[in-house]
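Trainee: Below are the structure tokens for one structure; questions will follow.
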Amino acid sequence: MVRFIDEKFLYDEGEIFAETILPSAFAIQHATKNENFLLVHHLLAAGAVVDSRITINHGDTPLQIAARLGNMKLVSLLLACNADVNAPAGQYNGRTAVQAAAESGSLEIIQMLIHAGANINASPGRMKGRTALQAALEKGHMKAAKLLLLSGADVNAKPCFTDGLTAFQAAVTFGDIGILQELLSYGADINAAAGPKRGVSALHAAAEQRNIELLDFLIQVGADVHALPSRDCNQTALQCAAAMDWMEGIRLLLRYNPDVRMLPPYFPGYSALGWAIHNSNCDMVVLLLDHGASPNDPVTKDQFEPQTAFIQALSRPNSSEIVELLLKRGADINQSWRYMTALDVAIGAHPANVKAVRTIIDHISQTSENRSDDMLKKSLAWMKVECGTPVDIELLQLLLDAGADINAKNFDDQTTILQKSTKCGHVEVVHILLQNGAEVNIPATRSVGTPLQEAIKEQKTEIADILLKNGAEVNAPPAETFGVTALQAAAIRGYVPLALELLERGADVTADPAPDYGRTAIDGAAEHGHLDMLQLLLNAYGDQDGLASVCDQAAGFAESEGHAAIAKWLRSYTAS
Numbered sequence: 075m076v077r078f079i080d081e082k083f084l085y086d087e088g089e090i091f092a093e094t095i096l097p098s099a100f101a102i103q104h105a106t107k108n109e110n111f112l113l114v115h116h117l118l119a120a121g122a123v124v125d126s127r128i129t130i131n132h133g134d135t136p137l138q139i140a141a142r143l144g145n146m147k148l149v150s151l152l153l154a155c156n157a158d159v160n161a162p163a164g165q166y167n168g169r170t171a172v173q174a175a176a177e178s179g180s181l182e183i184i185q186m187l188i189h190a191g192a193n194i195n196a197s198p199g200r201m202k203g204r205t206a207l208q209a210a211l212e213k214g215h216m217k218a219a220k221l222l223l224l225s226g227a228d229v230n231a232k233p234c235f236t237d238g239l240t241a242f243q244a245a246v247t248f249g250d251i252g253i254l255q256e257l258l259s260y261g262a263d264i265n266a267a268a269g270p271k272r273g274v275s276a277l278h279a280a281a282e283q284r285n286i287e288l289l290d291f292l293i294q295v296g297a298d299v300h301a302l303p304s305r306d307c308n309q310t311a312l313q314c315a316a317a318m319d320w321m322e323g324i325r326l327l328l329r330y331n332p333d334v335r336m337l338p339p340y341f342p343g344y345s346a347l348g349w350a351i352h353n354s355n356c357d358m359v360v361l362l363l364d365h366g367a368s369p370n371d372p373v374t375k376d377q378f379e380p381q382t383a384f385i386q387a388l389s390r391p392n393s394s395e396i397v398e399l400l401l402k403r404g405a406d407i408n409q410s411w412r413y414m415t416a417l418d419v420a421i422g423a424h425p426a427n428v429k430a431v432r433t434i435i436d437h438i439s440q441t442s443e444n445r446s447d448d449m450l451k452k453s454l455a456w457m458k459v460e461c462g463t464p465v466d467i468e469l470l471q472l473l474l475d476a477g478a479d480i481n482a483k484n485f486d487d488q489t490t491i492l493q494k495s496t497k498c499g500h501v502e503v504v505h506i507l508l509q510n511g512a513e514v515n516i517p518a519t520r521s522v523g524t525p526l527q528e529a530i531k532e533q534k535t536e537i538a539d540i541l542l543k544n545g546a547e548v549n550a551p552p553a554e555t556f557g558v559t560a561l562q563a564a565a566i567r568g569y570v571p572l573a574l575e576l577l578e579r580g581a582d583v584t585a586d587p588a589p590d591y592g593r594t595a596i597d598g599a600a601e602h603g604h605l606d607m608l609q610l611l612l613n614a615y616g617d618q619d620g621l622a623s624v625c626d627q628a629a630g631f632a633e634s635e636g637h638a639a640i641a642k643w644l645r646s647y648t649a650s
């Protein structure tokens, strides 16, 4: 009966097993977890397997569970029933019996298990595993640690693969300097390699705790300030302190001459200066510059991140003070990132760094280099224009006053600021741009129309009126994809008065649709069910050749959108 119950537990819980939990598939495991001595005794008497668990690599045996709990009575019972004292630790956060006892700090159980033949140097589980000594030290159980050391525990045993710690690193995480001194007397390696995945060095562990006394102690006894813990923990102690915005730790570490310009070998990750800029800590930036960092230093190996300290500062919000500092310390304003100049980066930041832009423009004005002039002329193309977000008028005026080309095209989509502003309905910006000579008839790109086409397409009729009064071309070719002429846009939207004005200005009712997903004006009106618009457009079409074919095609579009009455009306139009 017990074996049947065990098998049912195995089937039910095996289905939901995940490595992030310690699974208990058998009745005896559950009884042990609940510290139900009587039930464990009955289950064993009824034939339950004393070392029950899902597999050799998953979950704890009853003895390991009892040792974790520090339950001497259950440990004694299970040992008396020949439990395997050296059953291997589970892969995830598993412990052998003696490792579990060390973690709970139970001296009596440790001694009992050693007497029963427990291997105190058994390997840890693969993920978050600990040797017995590592487990005791991580929890600060110094008496248990001393017992293990006196019994021959390896003070320099290797950590597990994932989230592993050496004995010394484990003691650092607990933070007691006295324990660390004791371990050093046993020959602990202060600079031992961390676990391969997410492991941390002793120095790094101290930095993560912001423990200045511990950090100072470790350096004084020989911790390597340049050490990289592991590929996943991809930073030195200095970079770690900078990432945590820990000024006190930075000051201490700099006394020991770390390489302030060192880059993390893998990305993501920043140099110490990169982290200081990321955290907008101007005082830390000054300190690092004073110790050898440079505004033009690379701060990351990630090609998708701003590469140098200066470019990174320009890309950060509210960093004008740091930008000004870096310029005073020799930042090169002619550097670039990908296809963006330093000025482009400052303009394109979220939000734009107006003070930094002004500072760069002032520097540009003091040089006659052609590259600097070219940088300024193209700058307006990088200004952020977003729908639903006000445009920075101060920045716009600053760039215009500095001589920026008002018709400069953005590198990504080849649009001008006027096209973007009309699309998003920024009326004030459109006025300013037109007053300053913006080209009202910028041609459509592959996917963005002329300013007039975009205004009508995006239902910005007030801007459409402004553009028409400023000479907008009504028959400009549409964008290639989903493009529309001005009249086609008005027809689709059902703007009869605007369509009438466009026709009066010479709009072509027969203009071809865009090559990709386009519609003629008549087809667009039919597809969207605008009967009054159709009447206007067909009147404008008049008695030109092909009227029957035009109406039949439009009827097909009307039918596809459920406008049956309009389709019927169109097919009868030529007969009337």
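Read in the numbering used here, the sequence shown has 78 at position 4, and its numbers run on one by one without any break. Where is the CB? At the ideal position from N, CA and C, for every residue including glycine.
(1) When we look at the beta-carbon of Ile95 and count the other beta-carbons within 10 Å, is it buried (16 or more) or exposed?
(2) Buried or exposed for Arg325, please, with buried defined as at least 16 other CB atoms from any protein chain shown within 10 angstroms of its CB.
(3) Flag this pair as yes or no: are the beta carbons of Ala430 and Leu388 separated by less than 8 Å?
(4) Would a check of beta-carbon distances place Ala266 closer than 8 Å to chain D?
(5) Using the DSSP secondary-structure output, state which residues sit across from Pro372 in a beta bridge.
(6) When burial is assigned at 16 or more other CB atoms within 10 Å of the CB, is Ser634 buried or exposed?
(7) Measuring alpha carbon to alpha carbon, tell me which of Leu401, Leu337 and Leu363 ends up nearest Gln381.
(8) Is Cys314 buried or exposed, if buried means 16 or more other CB atoms sit within 10 Å of its CB?
(9) Less than 6 Å between C-beta atoms, sequence neighbours within five positions excluded: which residues of the same chain meet that for Val503?
(10) Which residues share a DSSP beta bridge with Trp411?
(11) How should Tyr413 be labelled, buried or exposed, when 16 other C-beta atoms within 10 angstroms of its C-beta is the threshold for buried?
(12) Bridge partners for Thr236 per DSSP, in chain order?
(13) I need the DSSP call for His132, collapsed to helix, strand or coil.
(14) Closer than 8 Å by C-beta to Ala600: which residues in its own chain qualify, once you throw out the five before and the five after it? Chain order, please.
(15) Measuring CB to CB, does Ala614 end up less than 8 Å from Val583?
(16) Three-state secondary structure (DSSP) at Tyr166?
(17) With a threshold of 6 Å on Cβ separation, who are the neighbours of Leu137 within its own chain once the five nearest residues in sequence on each side are excluded?
(18) Hey, out of Ser150, Gln309 and Lys213, whose CA is closest to Ser178's CA?
(19) Would DSSP call Thr463 helix, strand or coil?
(20) With a 10 Å radius around its C-beta and 16 neighbouring C-beta atoms as the bar for buried, classify Asp189 as buried or exposed.
(21) Ends of the alpha helix (DSSP H) at Gly252?
(22) Measuring CB atoms only, is the segment 397 to 410 touching the segment 371 to 379, in the sense that at least three cross pairs come out at less than 8 Å?
(23) Hey, Ala206 and Ala245: beta-carbon distance below 8 Å or not?
(24) Closest by CA to Leu222, which one among Lys202, Glu109, Ala196 and Met201?
(25) Determine the DSSP secondary structure at Thr555, reduced to helix, strand or coil.
(26) Expressed to the nearest angstrom, what Euclidean distance is found between the alpha-carbon atoms of Ala560 and Ala622?
(27) Which term fits Cys498, buried or exposed, when burial requires 16 or more other beta carbons within 10 angstroms of its beta carbon?
(28) Give the secondary structure of Asp590 by DSSP, where H, G and I count as helix, E and B as strand, and everything else as coil.
(29) Please check the pair Glu182 and Asn145, which I expect to be a contact at CB under 8 Å, by giving their CB distance rounded to whole angstroms.
(30) What whole-angstrom Cβ distance do Leu576 and Ala564 have, given they're in contact under 8 Å?
(31) Is Pro369 buried or exposed, if buried means 16 or more other CB atoms sit within 10 Å of its CB?
(32) Could you check what DSSP says for Ser345 in three-state terms: helix, strand or coil?
(33) What span of residues does the alpha helix (DSSP H) with Ser453 cover, start to end?
(34) Report the three-state DSSP secondary structure of Val123 (helix, strand or coil).
(35) Near Leu289, what residues of its chain come up, given a Cβ to Cβ distance below 8 Å and the 5 sequence neighbours on each side ignored?
(36) Using a Cβ-Cβ cutoff of less than 7 Å, which residues in the same chain neighbour Phe78 once the five nearest sequence positions on both sides are dropped?
Mentor: So, to answer that:
(1) For Ile95, the predicted structure reports a pLDDT of 48, less than 50, and the residue's modelled location is therefore unreliable. A value from the coordinates is still provided. Burial call: exposed.
(2) Arg325 counts as exposed, since fewer than 16 other beta carbons sit within 10 angstroms of its beta carbon.
(3) Yes.
(4) Within the model displayed, chain D is absent; a lone protein chain is all it includes.
(5) Thr382, per the DSSP bridge assignment.
(6) Counting every other CB atom within 10 Å of its CB across the protein chains shown gives Ser634 a total below 16, marking it as exposed.
(7) The shortest Cα separation from Gln381 among Leu401, Leu337 and Leu363 belongs to Leu337.
(8) Per the 10 Å Cβ criterion, buried.
(9) Only Val465 and Ser495 meet the Cβ criterion.
(10) Here Trp411 is bridged, per DSSP, to Met414.
(11) So Tyr413 counts as exposed.
(12) BP columns for Thr236 point to Met201 and Lys271.
(13) The DSSP-derived three-state label of His132 is strand.
(14) Only Leu608, Ala628, Ala629, Phe631, Ala632, His637, Ile640, Ala641 and Leu644 meet the Cβ criterion.
(15) Between Ala614 and Val583, the C-beta spacing is below 8 Å.
(16) Three-state result, Tyr166: strand.
(17) The beta carbon of Leu137 sits closer than 6 Å to those of Leu152, Ala157 and Ala171, all from its chain and outside the five residues before and after it, given in chain order.
(18) Ser178 has its Cα closest to that of Lys213, out of Ser150, Gln309 and Lys213.
(19) The three-state secondary structure of Thr463, taken from DSSP, is coil.
(20) Before going further, note that residue 189 is His rather than Asp in the sequence given. Around the beta carbon of His189, fewer than 16 other beta carbons lie within 10 angstroms, which makes this residue exposed.
(21) First-last of the alpha helix (DSSP H) with Gly252: Ile251 to Ser259.
(22) When Cβ pairs closer than 8 Å are counted between the two stretches, the segment 397 to 410 is seen not to touch the segment 371 to 379, the count staying below three.
(23) In this structure, Ala245 does not lie closer than 8 Å to Ala206 by Cβ.
(24) Selected option, being the one with the closest Cα: Ala196.
(25) Thr555: strand per DSSP, three-state reduction.
(26) Taking the straight line joining both Cα atoms gives about 24 Å.
(27) Counting the other Cβ atoms within 10 Å of the Cβ of Cys498 gives 16 or more, which makes it buried.
(28) Note: Asp590 maps to strand in three-state DSSP.
(29) The beta carbons of Glu182 and Asn145 sit about 11 Å from each other, so the pair does not count as a contact at 8 Å.
(30) Indeed they touch by this definition, with Cβ atoms about 6 Å apart.
(31) The residue in question, Pro369, is buried, as its Cβ has 16 or more Cβ neighbours within 10 Å.
(32) The DSSP-derived three-state label of Ser345 is coil.
(33) Counting along the chain, Ser453 falls outside any alpha helix (DSSP H), and DSSP gives it neither H nor E.
(34) In the structure shown, the three-state DSSP call for Val123 is coil.
(35) Same-chain partners within the cutoff: Leu277, Ala280, Ala281, Ala311, Gly323, Leu326 and Leu327.
(36) Confidence in Phe78 is poor, its pLDDT being 43 and thus under 50, which makes the residue's placement unreliable; the coordinate value appears in the next sentence. None.
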